[in-house]
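K.L.:
There are 2 protein chains.
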Amino acid sequence: MSETAENFAFAIHARDGAARTGQIATSRGHIRTPAFMPVGTAGTVKAMYPEQVRALGADIVLGNTYHLMLRPGAERLARLGGLHRLMRWDGPILTDSGGFQVMSLSALRKIDEAGVTFRSHVDGSTHHMSPERSIEIQGLIGSDIQMQLDECVRLPAERTAIDKAMRLSLRWAERCRTAFGEQPAKALFGIVQGGDVPELRIESARALVGLDLKGYAIGGLAVGEPQAVMLAMIETVEPHLPAGKPRYLMGVGTPDDLMQAVARGIDMFDCVMPTRAGRHGLAYTRHGRINLRNARHAEDIRPLDEASSCEATSAYSRAYLHHLVRSDEILGMMLLTWSNLAYYQALMAGMRAAISEGRLADFVAETKEGWARAEAERGP
Amino acid sequence: MSETAENFAFAIHARDGAARTGQIATSRGHIRTPAFMPVGTAGTVKAMYPEQVRALGADIVLGNTYHLMLRPGAERLARLGGLHRLMRWDGPILTDSGGFQVMSLSALRKIDEAGVTFRSHVDGSTHHMSPERSIEIQGLIGSDIQMQLDECVRLPAERTAIDKAMRLSLRWAERCRTAFGEQPAKALFGIVQGGDVPELRIESARALVGLDLKGYAIGGLAVGEPQAVMLAMIETVEPHLPAGKPRYLMGVGTPDDLMQAVARGIDMFDCVMPTRAGRHGLAYTRHGRINLRNARHAEDIRPLDEASSCEATSAYSRAYLHHLVRSDEILGMMLLTWSNLAYYQALMAGMRAAISEGRLADFVAETKEGWARAEAERGP
Chain A
1 MSETAENFAF AIHARDGAAR TGQIATSRGH IRTPAFMPVG TAGTVKAMYP
51 EQVRALGADI VLGNTYHLML RPGAERLARL GGLHRLMRWD GPILTDSGGF
101 QVMSLSALRK IDEAGVTFRS HVDGSTHHMS PERSIEIQGL IGSDIQMQLD
151 ECVRLPAERT AIDKAMRLSL RWAERCRTAF GEQPAKALFG IVQGGDVPEL
201 RIESARALVG LDLKGYAIGG LAVGEPQAVM LAMIETVEPH LPAGKPRYLM
251 GVGTPDDLMQ AVARGIDMFD CVMPTRAGRH GLAYTRHGRI NLRNARHAED
301 IRPLDEASSC EATSAYSRAY LHHLVRSDEI LGMMLLTWSN LAYYQALMAG
351 MRAAISEGRL ADFVAETKEG WARAEAERGP
Chain V
1 MSETAENFAF AIHARDGAAR TGQIATSRGH IRTPAFMPVG TAGTVKAMYP
51 EQVRALGADI VLGNTYHLML RPGAERLARL GGLHRLMRWD GPILTDSGGF
101 QVMSLSALRK IDEAGVTFRS HVDGSTHHMS PERSIEIQGL IGSDIQMQLD
151 ECVRLPAERT AIDKAMRLSL RWAERCRTAF GEQPAKALFG IVQGGDVPEL
201 RIESARALVG LDLKGYAIGG LAVGEPQAVM LAMIETVEPH LPAGKPRYLM
251 GVGTPDDLMQ AVARGIDMFD CVMPTRAGRH GLAYTRHGRI NLRNARHAED
301 IRPLDEASSC EATSAYSRAY LHHLVRSDEI LGMMLLTWSN LAYYQALMAG
351 MRAAISEGRL ADFVAETKEG WARAEAERGP
């Protein structure tokens, strides 16, 4: 385990344009930034042993409050000694507030000033979550970085709906801050909302900064808008966030999204893409995105990438991965998830090194050239 | 990798009553007997990395000819360098003949003197498998121990049906032997049939022994009959099998089945039980069979068995396993499969040591006492 700190703190070690590399100190170890956080939805990074996740270079994983509050349940988790102990992950854990997944997964959801009321997708039971209860649950889980409850609007949306959700999220941020109180070893992050409306994004960012939180997330992106809109929103918000605090782009993204966002000053990411894609036969590699279900791989004895230090990527043939995917074998999901997370972590490590050496633009260009070259060789 | 031999050979190192311990030499390494062979149905021991299977002490795995001939296909497998290379298993592999799974999985199957005709459960295509084609396929797969094509009758069955299937299986054994020819590094095993009719079993065994094969399996058991019938059939057949050749009880069984059969002179086993149970929330342990789906485990922070050398068994809490099983998480299947195979391999290692020391009966009694004690503590 890496060095630990008593107080949550962020230090920037190098800058390259808007990009930064550094580390977040927590009582459970340091997080090297820019960081990609594998998603451990229900207390497990799907199809991975926790030791594997750590060995790939992940310093922190994400847990989903919505899933965990329903199963095993927040109070039960606390009785079991918290999520770290249950899932055997001794590094830091970030939890979302539950709000986003209430919107996307539960039935009969209702939002009002007090919070959200929803029906569980597991057993149909009704739950109410206020900003205060979200923070309470995240505390019971034992989360190191907690997120405010927010309302996230799917794009495209009417400006009035975006405006209303942004203002509600701001009021909830204040209530979450009060509920969170003083916890030097842990952090509460605010979430900038405002959809694709620049002035609302700026207003949200400024108001949140006024609350003096320990980090700021940009939420409500990667919800259906083009990449250009997402990048424009990052560029809009970035100048209004304090330089010395971590910036977290929620739910993003593809390898290219990560590089573009890092170049625009983002420090933290989470996304189900590498793990979900791995369960659906898709590999993210140095040679681009490869669909192992495709018949062209049936007799291809090459590995995904012979130069990778991940055994899933370098030692198993594409023919075998194709066979496993076509046969719906669990090992296919295990190997592709492992390989994808390895690629994501290698990409982050590559960006951190490149920023340190002031050559992020070159790194991005070389990486994209590698994808394009391999894709041209593969043909359409 | 363990020592290898040019010729397939079996050596018995110690006896304890009818039980024996020894090793089978193959060109891909030795197999310590009594041996449990994890089932790698479609070229993967489900939910396990091959390195894990090896590390648990498995010397050999089983591949299913029926599955492999349909996907990826026998000729394709040969072009890919054989199953060992494809699945990254450098130890010996045993393949069944495909006959049993044609009966249990495929539609529109038809048996005649020439062989079996059946429709694939994967894509509905029609296939014909003769005894000669079964051996050809097992050769293309690269199997080290190949099984004759046989007809297996589900019990209870009419004596005339059992008799007919046994005689057809004998004629097919001769044809398989001719097709197999002389392959010193590999082995063809015959399969004793005859259902639950002692005189048919004896006739089958004697006729097969007349073919001077390198090993003999007992087939058509664990197909619905009580354990007592299965054990009686082993006792009936055993005296008619040559002492110096390996005996393989196909498709068996529970930990208790394994102990009872070893005590009656069986050297090799395969069964989907530990792997299939692992995917359905069931653990086989030193403390008996534990259903992790049961609510009693929801807040039980004890591991399955703190004394196990398998991390899945000793390091993860029952509460976590319960949570994973209830949430249909892949990691639950991974951990329980790993733990179950570890227990099965530990049980075989325990029996081998006990036979060497002439205390198999004590080992069996102690093992069953351990299960009973834990089950009594758990209550109904």
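Protein chains in written order, with our numbering: chain A, 1 to 380; chain V, 1 to 380. Heads up, the beta-carbon is just placed ideally off N, CA and C, and yes, glycines get one too.
For V:M333, go through chain A and note every residue whose CB falls closer than 8 Å to its CB, in chain order.
P.N.:
Residue 333 of chain V sits at position 333 when you count from the first residue of the second sequence. What V:M333 touches in chain A: I330.
K.L.:
Can you list, in chain order, the residues of its chain with a C-beta nearer than 6 Å to that of A:E369? Leave out the 5 residues immediately preceding and following it.
P.N.:
The residue labelled residue 369 of chain A in the question sits at position 369 within the first sequence. Taken in chain order, the list of residues that qualify is empty.
K.L.:
Going by beta carbon distance, what residues of the same chain come within less than 6 Å of A:P38, once the five residues before and after it are set aside?
P.N.:
Counting from one through the first sequence, the residue named residue 38 of chain A turns up at place 38. Here the set comprises V45, V53, A58, V61 and L341.
K.L.:
Alpha carbons only, please: which of A:A283, A:G17 and A:P255 is nearest the one belonging to A:R359?
P.N.:
Working through the first sequence from its first residue, we reach residue 359 of chain A at position 359. Selected option, being the one with the closest Cα: A:G17.
K.L.:
Of all the alpha helix (DSSP H) runs that stay within the bounds of the segment 134–185 of chain V, which reach a length of 4 or more residues?
P.N.:
Complete alpha helix (DSSP H) runs here, min 4: 159–180.
K.L.:
Taking all protein chains shown into account, decide if A:A228 is buried (16 or more other Cβ within 10 angstroms of its Cβ) or exposed.
P.N.:
Counted from its first residue, the first sequence places residue 228 of chain A at position 228. So A:A228 counts as exposed.
K.L.:
Quick one: which chain V residues come within Cβ less than 8 Å of A:H323?
P.N.:
The residue labelled residue 323 of chain A in the question sits at position 323 within the first sequence. Result: A42, G43, R71, P72 and L86.
K.L.:
Rounding to the nearest angstrom, what Cα-Cα distance links V:W172 and V:P131 in this structure?
P.N.:
Indexing the second sequence from 1 puts residue 172 of chain V at position 172. Indexing the second sequence from 1 puts residue 131 of chain V at position 131. Approximately 6 Å, taken between the alpha carbons.
K.L.:
Looking at C-alpha atoms only, which residue of A:M259, A:R79 and A:Y216 is the closest neighbour of A:E238?
P.N.:
Position 238 of the first sequence, counted from the first residue, corresponds to residue 238 of chain A. That would be A:Y216, whose Cα lies nearest to the Cα of A:E238.
K.L.:
Between the segment 308–320 of chain A and the segment 251–269 of chain A, can you find at least three pairs of beta-carbon atoms closer than 8 Å?
P.N.:
Verdict: no, contact absent.
K.L.:
So what does V:C271 bridge to, in DSSP terms?
P.N.:
As a working mapping, residue 271 of chain V is identified with position 271 in the second sequence. Looking at the DSSP assignment, V:C271 forms a beta bridge with V:P38.
K.L.:
For a contact meaning CB atoms closer than 8 Å, what does A:E299 contact in chain V?
P.N.:
On the first sequence, position 299 is the one that residue 299 of chain A refers to. What A:E299 touches in chain V: R76, R79 and L80.
K.L.:
Report the partner residues of V:Y284 according to the DSSP bridge assignment.
P.N.:
By one-based count along the second sequence, residue 284 of chain V stands at place 284. Answer is V:R289.
K.L.:
For the alpha helix (DSSP H) holding A:A365, just list the boundary residues, first then last.
P.N.:
By one-based count along the first sequence, residue 365 of chain A stands at place 365. L360 to R378 is the extent of the alpha helix (DSSP H) around A:A365.
K.L.:
For the pair the segment 145–162 of chain V and the segment 72–82 of chain V, tell me if three or more CB-CB distances fall below 8 Å.
P.N.:
Not touching, per the Cβ criterion.
K.L.:
Is the segment 348–363 of chain V close to the segment 94–102 of chain A, with three or more CB pairs under 8 Å?
P.N.:
Touching, no.
K.L.:
Are the C-beta of V:R326 and some C-beta of chain A separated by less than 8 Å?
P.N.:
Start at 1 with the first residue of the second sequence, and residue 326 of chain V comes out as number 326. It does; some Cβ of chain A falls within 8 Å.
K.L.:
How long is the line joining the alpha carbons of V:F8 and V:A185, rounded to whole angstroms?
P.N.:
Within the second sequence, numbered from 1, the residue matching residue 8 of chain V stands at position 8. Within the second sequence, numbered from 1, the residue matching residue 185 of chain V stands at position 185. Each residue's Cα considered, the two are about 5 Å apart.
K.L.:
Using beta-carbon positions only, say whether A:R201 and A:T236 come within less than 8 Å of one another.
P.N.:
Here residue 201 of chain A is taken as the residue at index 201 of the first sequence, counted from 1. Here residue 236 of chain A is taken as the residue at index 236 of the first sequence, counted from 1. Cβ atoms of A:R201 and A:T236: closer than 8 Å.
K.L.:
With respect to the beta strand (DSSP E) encompassing A:L304, which residues constitute its N-terminal and C-terminal limits?
P.N.:
Against the first sequence, residue 304 of chain A aligns to sequence position 304. Neither: A:L304 is in no beta strand (DSSP E) and is coded neither H nor E.
K.L.:
Mind checking who V:Y248 pairs with in its DSSP beta bridge?
P.N.:
Position 248 of the second sequence holds residue 248 of chain V. For V:Y248, which the question treats as bridged, DSSP gives the partners V:A217 and V:M268.
K.L.:
From this set, V:F10, V:A372 and V:G63, which residue's C-alpha is nearest V:M87's C-alpha?
P.N.:
Here residue 87 of chain V refers to the residue found at position 87 when the second sequence is read from its first residue. Comparing Cα-Cα distances from V:M87 to each of V:F10, V:A372 and V:G63, the minimum goes to V:G63.
K.L.:
Contact defined as beta carbons within less than 8 Å: I believe V:P92 pairs with V:D144. What is the distance between those atoms, to the nearest angstrom?
P.N.:
Indexing the second sequence from 1 puts residue 92 of chain V at position 92. Indexing the second sequence from 1 puts residue 144 of chain V at position 144. With a Cβ gap of about 4 Å, V:P92 and V:D144 count as contacting.
K.L.:
If we call anything under 8 Å between Cβ atoms a contact, is A:L168 one with A:F189?
P.N.:
Counting from 1 along the first sequence, the entry for residue 168 of chain A is found at position 168. Counting from 1 along the first sequence, the entry for residue 189 of chain A is found at position 189. Their beta carbons are not under 8 Å apart, which means A:L168 does not touch A:F189 by this criterion.
K.L.:
Hey, could you find the ends of the alpha helix (DSSP H) V:I60 is sitting in?
P.N.:
In the second sequence, the residue the question calls residue 60 of chain V occupies position 60. Neither: V:I60 is in no alpha helix (DSSP H) and is coded neither H nor E.
K.L.:
Look up A:H13 in the DSSP assignment and say whether it is helix, strand or coil.
P.N.:
Mapped onto the first sequence, residue 13 of chain A falls at position 13. Three-state result, A:H13: strand.
K.L.:
Please report the residue range of the beta strand (DSSP E) in which A:H30 lies.
P.N.:
Translated into positions along the first sequence, residue 30 of chain A becomes position 30. It spans G29 to T33 - the beta strand (DSSP E) in which A:H30 sits, taken as one unbroken run.
K.L.:
Would you please state the rounded distance, in angstroms, between the beta carbons of V:S27 and V:E3? I believe it to be under 8 Å.
P.N.:
Against the second sequence, residue 27 of chain V aligns to sequence position 27. Against the second sequence, residue 3 of chain V aligns to sequence position 3. Contact doesn't hold; Cβ gap of about 11 Å is too wide.
K.L.:
Does DSSP put A:S317 in a helix, a strand or coil?
P.N.:
Locating residue 317 of chain A in the first sequence gives position 317, counting from the first residue. Strand at A:S317.
K.L.:
Let me confirm a value: V:D123 is counted as buried when at least 16 other C-beta atoms fall within 10 Å, else exposed. Which label applies?
P.N.:
For the purposes of this step, residue 123 of chain V is identified with residue 123 of the second sequence, where counting begins at 1. Exposed, because fewer than 16 other Cβ atoms sit within 10 Å of the Cβ of V:D123.
K.L.:
Kindly list, in the order they appear in chain V, the residues whose Cβ is closer than 9 Å to that of A:A5.
P.N.:
The sequence position of residue 5 of chain A within the first sequence is 5, counting from 1. Those within 9 Å of A:A5 in chain V number zero; the least Cβ separation is about 27 Å.
K.L.:
A:P457 and A:I24 look like a contact to me (Cβ under 8 Å); what is the Cβ gap, rounded to whole Å?
P.N.:
Absent from the structure is residue 457 of chain A, since the part of chain A shown begins at 1 and ends at 380.
K.L.:
What number of angstroms, rounded off, separates the C-alpha of V:V262 from the C-alpha of V:L347?
P.N.:
Taking the second sequence and counting its residues from 1, the one referred to as residue 262 of chain V is at position 262. Taking the second sequence and counting its residues from 1, the one referred to as residue 347 of chain V is at position 347. The straight-line gap from Cα to Cα measures roughly 11 Å.
K.L.:
Do A:E203 and A:G195 come within 8 Å of each other at the CB atom, strictly closer than that value?
P.N.:
As a first step, residue 195 of chain A must be located in the first sequence, where it is residue number 195. As a first step, residue 203 of chain A must be located in the first sequence, where it is residue number 203. No. Outside cutoff.
K.L.:
Measure from the C-beta of V:Y316 to each C-beta in chain A and report whether the shortest distance is under 8 Å.
P.N.:
Stepping through the second sequence from its first residue, residue 316 of chain V is reached at position 316. It does; some Cβ of chain A falls within 8 Å.
K.L.:
Where do the N-terminal and C-terminal ends of the beta strand (DSSP E) with V:A107 fall, by residue?
P.N.:
To locate residue 107 of chain V, count along the second sequence from 1; it is residue 107. Here the beta strand (DSSP E) through V:A107 covers A107 to D112.
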